[in-house]
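K.L.:
For the sequence shown, the UniProt record's numbering assigns the number 1 to the initial residue and increments by one for each residue that follows. Beta carbons: idealized from backbone N, C-alpha and C, even for Gly. Small disclaimer: the values here were computed from a predicted structure and weren't measured.
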Amino acid sequence: MYSYVLQSVSVRDFDNHATRIVGKYESVDTYYRRCSSSIYVPSVSIPLLCISALDDPLCTREAIPWDECRANKNIVLATIKHGGHLAFFEGITGSSLWWVRASNEFLDVLLSSKYMHVQKKVNNILLYLHILLIGNVYSSSGSVLSVM
Numbered sequence: 001m002y003s004y005v006l007q008s009v010s011v012r013d014f015d016n017h018a019t020r021i022v023g024k025y026e027s028v029d030t031y032y033r034r035c036s037s038s039i040y041v042p043s044v045s046i047p048l049l050c051i052s053a054l055d056d057p058l059c060t061r062e063a064i065p066w067d068e069c070r071a072n073k074n075i076v077l078a079t080i081k082h083g084g085h086l087a088f089f090e091g092i093t094g095s096s097l098w099w100v101r102a103s104n105e106f107l108d109v110l111l112s113s114k115y116m117h118v119q120k121k122v123n124n125i126l127l128y129l130h131i132l133l134i135g136n137v138y139s140s141s142g143s144v145l146s147v148m
């Protein structure tokens with residue numbers, strides 16, 4: 001098994017020879033299907049901004065749940081040609097991250113929306129997990145909206 005891992009030439013090869021075996025999945029496709037967030041996309045019931053680079057070697061364009069995102073009015077899927085895996089740098093020097101600005105604009109639009117003030121019962125643990133995952137979220141004016 002170890003020699004196959006060393007011979008892997010792609011993430012899929014590595015997942016097939018290592019990850020799926022360690023995780024005890026019968027195939028790499030089963031591993032991808034069961035571990036993909038795409039199974040949760042249809043049940044997203046709050047606004048969600050998804051950002052993905054089409055040249056991401058780990059989360060490939062084939063893995064993006066295009067149809068599921070289009071079918072859910074709560075999801076905004078933003079794709080860019082280049083960015084790799086989480087490298088959403090901005091400008092020639094790459095000294096800033098454009099996803100921060102895009103996320104702040106998305107949140108500002110949500111906060112200014114009349115629909116944002118229509119409250120539904122929200123499970124407090126989900127809100128806590130959201131804040132835990134995102135951390136500090138800032139408005140375009142620089143004020144903290146939520147703190148981890």
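Exposed or buried, which one is Y4 when buried takes at least 16 other CB atoms within 10 Å?
P.N.:
exposed
K.L.:
Could you have a look at E90 and say whether DSSP puts it in helix, strand or coil?
P.N.:
strand
K.L.:
Please state whether DSSP places S96 in a helix, a strand or coil.
P.N.:
strand
K.L.:
When you compare each of L48, S112, V22, C59 to I80 by their alpha carbons, which one comes out closest?
P.N.:
C59
K.L.:
Going by C-alpha to C-alpha distance, which of L6, G23, S113, V28 sits closest to R12?
P.N.:
V28
K.L.:
By Cβ distance, which residues of its chain are closer than 7 Å to N74, with the 5 residues on each side in sequence left out?
P.N.:
V44, S45, I46, P47, L48
K.L.:
Could you tell me whether the Cβ atoms of I39 and S52 are closer together than 8 Å?
P.N.:
no
K.L.:
Using three-state DSSP, classify C69 as helix, strand or coil.
P.N.:
C69 sits in a helix when the DSSP states are folded into three classes.
K.L.:
Quick check on residue 172: does DSSP put it in helix, strand or coil?
P.N.:
No answer is possible for residue 172: the residues shown for the chain start at 1 and end at 148.
K.L.:
In whole angstroms, give me the CA-to-CA distance for S37 and R101.
P.N.:
24 Å
K.L.:
Just to check my reading of the structure: G84 and D108 have Cβ atoms closer than 8 Å, yes? What is that Cβ distance to the nearest angstrom?
P.N.:
Going by Cβ atoms, the distance from G84 to D108 rounds to 27 Å, so no, they are not a contact pair.
K.L.:
Report the three-state DSSP secondary structure of L48 (helix, strand or coil).
P.N.:
strand
K.L.:
Spatial neighbours of C69 within its chain, please: CB distance less than 8 Å, with the 5 preceding and 5 following residues excluded, ordered by chain position.
P.N.:
V41, C50, I75, L77
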